[in-house]
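Reading through the structure tokens given below for one structure.
Residue numbers (my numbering): 3 to 86.
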């Protein structure tokens, strides 16, 4: 992601990283996220709209997963993505 590129939204980030909902849920918990397992899935699927804090926790979890596997920071943070 560059300064001109807002990054992927949460669903596209999930697809790019290959992370499961279970893995994303556990990682956002480790970052201090309050969302339950089903809430995380609902946020990614667009059933629920995350607030800025929750969106950024999910984006951080996806980005860290990507970095650990030799990738970049593919997911944009709140306000940088079309939905944020």
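All C-beta atoms, glycine included, are put in the ideal place defined by N, C-alpha and C.
Kindly indicate which three-state DSSP category residue 33 falls into: helix, strand or coil?
-> Under the three-state reduction of DSSP, residue 33 is assigned to coil, being neither helix nor strand.
Count the other C-beta atoms from every protein chain shown that fall within 10 angstroms of the C-beta of residue 2, then say buried if there are 16 or more, exposed otherwise.
-> This structure does not reach residue 2, given that the chain is present from 3 up to 86, and the question cannot be answered.
Have a look at residue 75 and residue 62 and give me their C-alpha separation to the nearest angstrom.
-> Approximately 9 Å, taken between the alpha carbons.
Quick one: is residue 53 buried, meaning 16 or more other Cβ sit within 10 Å of its Cβ, or exposed?
-> So residue 53 ends up on the exposed side.
Under the three-state reduction of DSSP, which class applies to residue 46: helix, strand or coil?
-> Three-state DSSP puts residue 46 in a helix.
Return the CA-CA distance between residue 46 and residue 72, expressed in angstroms with no decimal places.
-> Whole-angstrom Cα-Cα distance: 23 Å.
Cβ neighbours of residue 16 in the same chain (closer than 6 Å, five flanking residues each side left out) = In chain order, 46 place their CB closer than 6 Å to the CB of residue 16, counting only its own chain and leaving out the 5 sequence neighbours on each side.
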